[in-house]
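Visitor: Residue numbers (our numbering): -3 to 879.
1. Whole angstroms is fine: what's the gap from residue 280's alpha carbon to residue 332's?
2. Going by C-alpha distance, which of 84, 645, 170, 102 is nearest residue 455?
3. Name the two residues that bound the continuous alpha helix (DSSP H) containing residue 649.
4. Please list the segments of the beta strand (DSSP E) lying wholly inside the segment 512 to 597, counting only runs of 3 or more residues, in order along the chain.
5. Go through the segment 801 to 842 residue by residue and report every complete run of the alpha helix (DSSP H) that reaches 4 residues or more, in order.
6. Starting from residue 481, follow the beta strand (DSSP E) in both directions and report where the run begins and ends.
7. Can you name, in chain order, every residue of its own chain whose Cβ lies under 8 Å from the Cβ of residue 163, other than the five neighbours on each side?
8. Three-state secondary structure (DSSP) at residue 166?
9. Determine the burial state of residue 609: buried for a count of at least 16 other Cβ atoms within 10 Å of its Cβ, exposed for fewer.
10. Do you know whose CA, among 758, 752, 770, 529, lies nearest residue 729's CA?
11. Since residue 262 and residue 242 are thought to touch, with beta carbons under 8 Å apart, how far apart are those beta carbons, to the nearest angstrom?
12. Ignore the nearest five residues each way along the sequence and tell me which others in residue 855's own chain have a CB closer than 7 Å to its CB.
13. Check whether the segment 376 to 393 touches the segment 339 to 351, counting contact only when three or more Cβ pairs, one atom from each stretch, lie closer than 8 Å.
14. With H, G and I counted as helix, E and B as strand and the rest as coil, what does DSSP make of residue 68?
15. Which complete alpha helix (DSSP H) runs does the segment 239 to 318 hold, if anything under 4 residues is left out?
16. Buried or exposed, going by whether 16 or more other CB atoms sit within 10 Å of the CB of residue 61?
17. Would you say the segment 97 to 114 touches the segment 458 to 465, given that touching needs at least three Cβ pairs under 8 Å?
18. Indicate whether residue 376 and residue 301 have their beta-carbon atoms separated by less than 9 Å.
19. Taking only runs of the beta strand (DSSP E) that begin and end inside the segment 349 to 424, which ones reach a length of at least 3 residues, in chain order?
20. Rounded to whole angstroms, what is the Cα-Cα separation between residue 49 and residue 74?
21. Between residue 806 and residue 790, which are expected to be in contact by the criterion C-beta below 8 Å, what is the C-beta distance as a whole number of angstroms?
22. So is residue 283 buried or exposed if we call it buried at 16+ other beta carbons inside 10 Å?
23. How far does the beta strand (DSSP E) with residue 85 in it extend, from its first residue to its last?
24. Among all the DSSP beta bridges, which residues are the ones paired with residue 708?
25. Is the separation between the beta-carbon of residue 532 and that of residue 477 shorter than 9 Å?
26. Consult DSSP for residue 138 and reduce its assignment to one of helix, strand or coil.
27. Take residue 542 and list the residues in its own chain whose beta-carbon comes closer than 7 Å to its own, dropping the five residues that flank it on each side.
28. If we ignore side chains and look at the alpha-carbon of each, how far apart do residue 337 and residue 238 end up?
29. If you run the structure through DSSP and keep just helix, strand and coil, what is residue 861?
30. Take residue 396 and list the residues in its own chain whose beta-carbon comes closer than 7 Å to its own, dropping the five residues that flank it on each side.
31. Grouping DSSP H, G and I as helix and E and B as strand, with all else coil, what is residue 790?
32. Determine which residues share a DSSP beta bridge with residue 725 and list them.
33. Are residue 195 and residue 538 touching if we call contact CB-CB under 9 Å?
34. Is it a yes or a no for the segment 576 to 587 touching the segment 827 to 836, going by three-plus beta-carbon pairs under 8 Å?
35. Excluding the 5 residues flanking residue 570 on each side, which residues of the same chain have their C-beta closer than 7 Å to its C-beta?
36. Under 9 Å, do residue 9 and residue 440 count as touching if we go by C-beta distance?
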């Protein structure tokens, strides 16, 4: 067997130019694994998270207040363990035997003490594995004819050098220039600069096209250019070099979208759906709950509970963000009647069981049990996928492995039955198990262009044309984190650490490998203007200053003619076929059996929006963010008023009695319907809400007492008709006064100015509809209607002498009354229905043409809608000329 060995061979992707049967090209992990198999040393794979947990136990055992890592360990256990484990592994790879030496600096002595505590606890490091291989190679021969090494032996750590010394090694010198013309001249000058330090520009270039330097305006344009270039010559001997994972993954997506085989660039990400399941499941342990994460857990495609169960509960949680509220309880009651007891108990355990303080932590045994439940669910799903030969097997296996690794790491951390685990430690364990979560779909496809995910991997092979993709800021060797006295002490103990300075000096020989890999042509596609320049491009620009950068979008190379097509602009009116069959189902632009104020307001003021919401039945997401959305705050305030007035005696309470009631009632309500206000980071919104709601409720009671209210119905359902149109609504408060009189109030989480302006301007259709339905139900109109605003505790009404002297009485302009508004609403509805039946719908948005139709005489004037409808407005399209 003849092996080609390189520190960077793992970056080569796709098919090689020639057959390598019996002559593999191996990276260090692959070569080490092969040697262990040949020597009988192969063992189970080591898991980073488990090694880190085991090392953390050793740190705890060795820890005293005098240790250099003591304070760091108290602040961040897993972070400290991971950092010091890296120190240990690097020293072992450089030849450390794990023992202390006389006179060592204190930090080295402390690490030796930890190493003694770690003996037998932690899986083998790369250095320890190499030491065993070197020892076994001294006793056994293996069937390796030759090892061709593509880097100088000094570039390898000491333990690797010890292994290579026991093998038939041949060090391959750097690739020599192999191109002719301009490219060959540049290759020779770059190689001389990297190896000999001789920097001299090329005297003249023939402009033979063997070198092209391009810079696009956008990455997307360059990706499509490359896809077109592939389709123009799919069998060309090309090599794409891209060492930035995100850019490579994006390029593959464009290749796939244009019908070209992908290269297999993979961007490690913790956002793969299957590996998100564990962190979301662990989030259910903590109090306070993070509502957004809990909703993610419920709506995520992968989880420990049946998807249909989680989604039904997720919809309830989105409507009322809490556990135990009205919407949640209704769904849970339905599920209890449908689910087998085992599944129902799992729902209770995951969502309604005990939660633990984030600062104190949760019992380790409970956490391990929860992860085990998730793993069992994932294994069952994996088995089903295998049996049905479905997709996603690799992702599910990764998720099962992730759960197992975290469970093993937690078990390694166990010291007693009372152990507690904090969120930060779990987050770090999960992060370590998902650090290399690759895209399982990112596999080099048959017929793809050969590619390299690192510039150094270009030493593996060459190509007629090399396309170096977006060379940006390179990764540089990091300086050692140790003091010079510590490095000297390690060296005296036989620890031969790689010199960052020497590594830096050798970097240019790695950086020019893509240039030397080109046999006929080099295409350098630079990142868009403003990105940092790669040192190799800076070297090329010095040795060949005559080279010009071509703007890719302004060059004809690789372009194909595309016929221009006019994009249809958004229009201010939609036209439908009045004779279409579906029109018989929708005589009006709605599928509601009764209309409310909200639906009528939309139908009158933006009919296209009504069509999307009512006829098409589209719905926007409704997760609440308290700092951005006051609707949740208003809903909670309404619920508190409803809870208070459910007790008839509350009408006579003093402010002190209301205050005593408010605290416990608000706390209970927030847990069941207002979790966003309890989430970490929401304390200011919570305090402001409680203060405003309490003050508003006390003011509201004062107004009710001034009116002599005898009884209150909160959230009173109302029904009525508007001609032939059925009406429905819920008035926030229906008040019963002396002698059978009534009044209706609408409660707003706002200040009074806006609603006083609406009353003064005659824009109070909502109150008019309530008054109309109350009259139809009771036989008499209410003596007063009005708005109560929580944020200033103000009541604004049209009727004097009902709510006392502090109520603000507003006189509408032009003598507007509730009766006139009802007549205008009936006319407006009839007009909009006639438009619909004629196949016309007004689309009202900024910049849309034609302009909206002017309402006919007798109809209500067209108003504007609130910003919460913008999700639907975006579906209208983009106005012509809009950026």
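Glycine included, each C-beta is placed from N, C-alpha and C at the ideal position.
Guide: With the structure as the only source:
1. If you draw a straight line from the Cα of residue 280 to the Cα of residue 332, it is about 21 Å long.
2. Ranking 84, 645, 170, 102 by Cα distance to residue 455 puts 170 first.
3. Run containing residue 649: none; DSSP gives neither H nor E here.
4. Every unbroken stretch of the beta strand (DSSP E) spanning 3 or more residues and falling wholly within the segment 512 to 597 is given here in chain order: 514 to 521, 545 to 547, 569 to 571.
5. Taking only runs of at least 4 residues, the alpha helix (DSSP H) segments lying wholly in the segment 801 to 842 are 814 to 833.
6. Looking at the DSSP string, residue 481 is not in any beta strand (DSSP E); the run it does join, the alpha helix (DSSP H), is 480 to 488.
7. Same-chain partners within the cutoff: 133, 140, 143.
8. Reduced to three states, the DSSP call for residue 166 is strand.
9. By the neighbour-count rule (16 or more Cβ atoms within 10 Å), residue 609 is buried.
10. The shortest C-alpha separation from residue 729 is found at 770.
11. Contact between residue 262 and residue 242 does not hold, since the beta-carbon distance rounds to 11 Å and is not under 8 Å.
12. Its chain contains 820, 823, 824, 827 as the residues whose beta carbon lies nearer than 7 Å to that of residue 855, once the 5 sequence neighbours on both sides are disregarded; these appear in chain order.
13. The segment 376 to 393 vs the segment 339 to 351: no contact.
14. Looking at residue 68 - three-state DSSP - the assignment turns out to be helix.
15. When DSSP assignments are scanned along the segment 239 to 318, the uninterrupted stretches of alpha helix (DSSP H) that are 4 or more residues long and fall wholly within it turn out to be 241 to 253, 269 to 279, 287 to 295, 303 to 315.
16. Exposed, because fewer than 16 other Cβ atoms sit within 10 Å of the Cβ of residue 61.
17. No, they do not touch.
18. No, the pair does not count as a contact, with Cβ atoms beyond the cut-off.
19. Fully enclosed beta strand (DSSP E) runs of 3 or longer: not present.
20. Taking C-alpha positions only, residue 49 is separated from residue 74 by approximately 7 Å.
21. Not really, about 11 Å apart at Cβ, beyond 8 Å.
22. Of the residues assessed, residue 283 falls on the exposed side of the cut-off, its CB having fewer than 16 other CB atoms within 10 angstroms.
23. Segment 73 to 89 is the alpha helix (DSSP H) holding residue 85; no beta strand (DSSP E) there.
24. Answer by DSSP bridge pairing, in chain order: 731.
25. The answer is no: Cβ separation not under 9 Å.
26. In the structure shown, residue 138 sits in coil (DSSP, three-state: anything other than H, G, I, E or B).
27. Shown here for residue 542: same chain residues with a beta carbon closer than 7 Å to its own, the five before and five after excluded, namely 201 in chain order.
28. Between residue 337 and residue 238, the C-alpha separation is close to 54 Å.
29. Coil at residue 861, not helix or strand.
30. For residue 396, the CB contacts under 7 Å within the same chain, skipping 5 residues up- and downstream, are 371, 374, 375, 378 in chain order.
31. It is a strand residue.
32. The bridge partners DSSP lists for residue 725 are 714.
33. Cβ atoms of residue 195 and residue 538: closer than 9 Å.
34. The segment 576 to 587, when compared against the segment 827 to 836, does touch it at the 8 Å Cβ threshold.
35. 604, 837, 839.
36. Going by beta carbons, residue 9 and residue 440 fall inside the 9 Å limit.
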